[in-house]
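Novice: This is the structure I have questions about; it appears just below.
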Amino acid sequence: MGMDKARMLRGELYRDNDPELVAERRACQALLDRFNATRSGEDSERRAILAELLGAIGEGSWIMPRFQCDYGHLITMGRNSFLNYDAIVMDCAPVVIGDDVSIGPRAQLLTALHPMEDHELRRQRWETATPIAIGDNVWLGGGVIVCPGVAIGSNTVVGAGSVVTRNLPAQVFAAGNPCRIIRKL
9 MGMDKARMLR GELYRDNDPE LVAERRACQA LLDRFNATRS GEDSERRAIL AELLGAIGEG
69 SWIMPRFQCD YGHLITMGRN SFLNYDAIVM DCAPVVIGDD VSIGPRAQLL TALHPMEDHE
129 LRRQRWETAT PIAIGDNVWL GGGVIVCPGV AIGSNTVVGA GSVVTRNLPA QVFAAGNPCR
189 IIRKL
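Residue numbers for the sequence shown follow the working numbering, beginning at 9 and rising by one.
Put into structure tokens, the structure is as follows:
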């Protein structure tokens, strides 16, 4: 494992244009090209590609095309979870999706962070990444964006179009930009 990949996995600054990381993203894109080119009814082909692409996918879990991610192997999905059309998972850090999770169309789970204050580091393509964790029986409405480092507790519902910038506890309804807790469930 190269130095930049090791840094990425530790949540430290790394360069995203490192040749090893670029090669891994290209391999991921080749699998995604195959997955996204499947036709309706080609469930066994889709399932086989997802099994090769993801770190783990639980029984009964499903992802609809068009699906995009960076590496794939840093994503784990529990049982009976569902990602709807056009989901984007930037898995530069682990993304853990629990059991019985429903994620609406065009949702984005984003782990990458770019330097804000140090313009030169940003220009040189340095970044960091922090994990995302989604508990069991969570529902993310369509177009929800989950920002780096966020954890969402079990049985929580996030309204469509929300931007989740901070952790959410279990059993709440939250919505907005930035997302805030509306009420307990």
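No residue lacks a Cβ here, since even glycine has one placed at the ideal position from N, Cα and C.
Quick check: the Cα distance between R34 and T138, rounded to an integer number of angstroms?
Specialist: Each residue's Cα considered, the two are about 22 Å apart.
Novice: Beta strand (DSSP E) containing M85: first to last residue?
Specialist: Where M85 is concerned, the enclosing beta strand (DSSP E) stretches over I83 to M85.
Novice: Between which two residues does the beta strand (DSSP E) harbouring V103 extend?
Specialist: V103 to I105 is the span of the beta strand (DSSP E), which, as asked, contains V103.
Novice: Can at least three beta-carbon pairs, one atom from the region 21 to 40 and one from the region 69 to 88, be found at a separation below 8 Å?
Specialist: The region 21 to 40, when compared against the region 69 to 88, does touch it at the 8 Å Cβ threshold.
Novice: Kindly list the residues whose CB is nearer than 7 Å to the CB of I57, restricted to its own chain and excluding five residues on each side of it in sequence; keep chain order.
Specialist: The answer, listed in chain order, is L39, R42 and F43.
Novice: Quick one: what's got a C-beta closer than 6 Å to M86's C-beta in the same chain, skipping five residues either side?
Specialist: A small fix is needed here, since residue 86 is Gly in this sequence, not Met. Here the set comprises G66, G106 and D107.
Novice: Give me the residue from G184, V180, P186 and C187 with the minimum Cα distance to L193.
Specialist: Out of G184, V180, P186 and C187, V180 has the C-alpha closest to the C-alpha of L193.
Novice: Would you kindly check if the distance between the Cβ of V172 and the Cβ of C155 is under 8 Å?
Specialist: Contact: yes.
Novice: Among I190, E20, I160 and R131, which residue has its Cα nearest to the Cα of A178?
Specialist: Among I190, E20, I160 and R131, the Cα nearest to that of A178 belongs to I160.
Novice: Kindly confirm or deny that the region 126 to 135 and the region 107 to 116 touch, where touching means at least three C-beta pairs closer than 8 Å.
Specialist: No, because fewer than three Cβ pairs between the region 126 to 135 and the region 107 to 116 fall closer than 8 Å, the two stretches do not touch.
Novice: With L36 as the anchor, note down where its beta strand (DSSP E) starts and where it stops.
Specialist: First, the amino acid is wrong: residue 36 is Cys here, not Leu. Note, C36: premise wrong, no beta strand (DSSP E); alpha helix (DSSP H) at P27 to N44.
Novice: Along the chain, where does the alpha helix (DSSP H) that runs through E53 open and close?
Specialist: Segment D51 to L61, the alpha helix (DSSP H) holding E53.
Novice: At which residue ranges does the region 140 to 167 contain complete beta strand (DSSP E) runs of 3 or more residues, listed in the order of the chain?
Specialist: Within the region 140 to 167, the complete beta strand (DSSP E) runs of at least 3 residues are 140 to 142.
Novice: Compute the distance between the beta-carbons of N175 and S162, then report whether it is under 8 Å.
Specialist: For N175 and S162, no; Cβs fall outside 8 Å.
Novice: If you measure between the beta carbons of A141 and T119, is that distance less than 8 Å?
Specialist: No, they are not a contact pair.
Novice: How would you label V30, buried or exposed, when you count the other beta carbons within 10 angstroms and need 16 or more for buried?
Specialist: With fewer than 16 other Cβ atoms within 10 Å, it is exposed.
Novice: Spell out the partners DSSP gives E67 in its beta bridges.
Specialist: E67 is not bridged to any residue.
Novice: Between which two residues does the alpha helix (DSSP H) holding L118 run?
Specialist: Taken as a continuous stretch (DSSP letters only), L118 belongs to no alpha helix (DSSP H), being part of the beta strand (DSSP E) at Q116 to L118.
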